[in-house]
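Undergrad:
In the working numbering, the protein residues as written are 86 to 364.
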């Protein structure tokens with residue numbers, strides 16, 4: 086919201102009619118963001134941080150583990166429960182590295198701002214409720230395969246706090262969305278072996294099935310995730326063609342510049358030249 090503040094007329098004459106000028110000012114001070122501090126830099130010691138950084142740079146390995154996790158999750162939907170349980174455990178183990186990499190790179194100061202937004206909480210609750218319903222329909226450890234999916238969706242919800250690896254994040258998000266759509270397709274056709282539908286609530290002869298809630302929740306999340314990735318990717322491409330830095334007043338960019346010719350664009354309001362920042 087903006088606050089309207091009256092100002093005195095800057096010009097007056099005997100023939101002029103008195104009037105007021107108004108200027109728009111923010112009703113709340115903009116937050117100060119330190120974009121150099123990630124979650125892992127807050128939680129880990131320096132030695133542990135170096136180990137995690139070496140692992141994060143192993144992008145091909147992390148991506149391969151992610152693809153294997155998605156493949157095992159798809160197989161969980163095709164086989165009976167006695168075979169699906171060990172496959173779900175393997176899928177969970179293979180998916181943990183990619184979830185950790187995506188989560189620990191988030192900027193803590195940006196997360197603190199995002200957690201004050203109602204939409205973030207709404208999407209988080211929708212995601213948690215959808216996957217919990219699916220786990221209840223499985224009635225066994227096969228739901229473990231979707232724990233990493235839940236963390237991945239949450240990372241996408243907080244995508245504005247991610248400043249690294251946006252291109253790889255876009256690829257993994259599209260692959261994950263294809264996998265989620267496949268899961269929805271199997272659930273909607275009741276083609277998943279040993280999947281037991283349930284009533285979320287019932288009133289008289291009216292009831293709502295868990296599969297219906299799951300399908301509506303997951304398909305909504307898929308649309309939101311693809312929109313988030315497109316918006317983030319578009320902002321990155323726009324920033325790469327700029328010779329200015331966009332930021333909010335009070336933002337601290339210490340440690341983000343490796344050279345005076347670096348280019349950076351975060352979602353902004355105030356523009357100033359890179360030379361002015363580094364001087």
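No residue lacks a Cβ here, since even glycine has one placed at the ideal position from N, Cα and C.
Note that the structure is predicted; figures quoted are calculated from it, not measured.
According to DSSP, which residues form a beta bridge with residue 239?
TA: Indexing the chain shown from 1 puts residue 239 at position 154. Paired residue(s): none; residue 239 is not in a bridge.
Undergrad: Give every residue of the same chain whose Cβ lies closer than 8 Å to the Cβ of residue 204, excluding the five residues on either side of it in the sequence, and list them in chain order.
TA: For the purposes of this step, residue 204 is taken as the residue at position 119 of the chain shown. Once the five neighbours on either side are set aside, residue 204 has no close Cβ partner at all.
Undergrad: Does the stretch 148 to 167 touch the stretch 244 to 260, meaning 3 or more C-beta pairs lie closer than 8 Å?
TA: As far as the Cβ criterion goes, the stretch 244 to 260 touches the stretch 148 to 167, which means the pair count is three or higher.
Undergrad: Does the distance from the C-beta atom of residue 121 to that of residue 190 stay below 8 Å?
TA: Counted from its first residue, the chain shown places residue 121 at position 36. Counted from its first residue, the chain shown places residue 190 at position 105. It is not a contact, given that the beta carbons lie outside the stated cut-off.
Undergrad: For residue 225, which three-state DSSP category applies?
TA: Along the chain shown, one-based indexing puts residue 225 at 140. If DSSP states are grouped into helix, strand and coil, residue 225 belongs with coil.
Undergrad: Taking the straight line between their C-alpha atoms, what separation do you get for residue 303 and residue 270?
TA: For this step, residue 303 is matched to residue 218 along the chain shown. For this step, residue 270 is matched to residue 185 along the chain shown. One C-alpha to the other measures close to 11 Å.
Undergrad: Under three-state DSSP, which class holds residue 317?
TA: Start at 1 with the first residue of the chain shown, and residue 317 comes out as number 232. It is helical.
Undergrad: By Cβ distance below 6 Å, which residues in the same chain neighbour residue 141 in space, the five residues on each side in sequence not counted?
TA: Counted from its first residue, the chain shown places residue 141 at position 56. Same-chain partners within the cutoff: 186.
Undergrad: Here's the rule: buried if 16 or more other CB atoms are within 10 angstroms of the residue's CB, otherwise exposed. What is residue 130?
TA: For the purposes of this step, residue 130 is taken as the residue at position 45 of the chain shown. Counting Cβ neighbours within 10 Å, residue 130 comes out exposed, since fewer than 16 surround it.
Undergrad: Roughly how many whole angstroms lie between the Cα atoms of residue 170 and residue 155?
TA: The residue given as residue 170 occupies position 85 in the chain shown. The residue given as residue 155 occupies position 70 in the chain shown. Residue 170 and residue 155: Cα-Cα distance of roughly 15 Å.
Undergrad: Give me, in chain order, the residues of the same chain whose beta-carbon lies closer than 8 Å to that of residue 95; leave out the 5 immediate sequence neighbours on both sides.
TA: The residue labelled residue 95 in the question sits at position 10 within the chain shown. Unreliable positioning characterises residue 95 in this predicted model, as indicated by a pLDDT of 47, which lies under 50. The coordinate reading is nonetheless provided below. Correct list, in chain order: 106.
Undergrad: Where does the unbroken alpha helix (DSSP H) through residue 148 begin, and where does it stop?
TA: Your numbering for residue 148 matches position 63 in the chain shown. Counting along the chain, the alpha helix (DSSP H) containing residue 148 begins and ends at 144 to 161.
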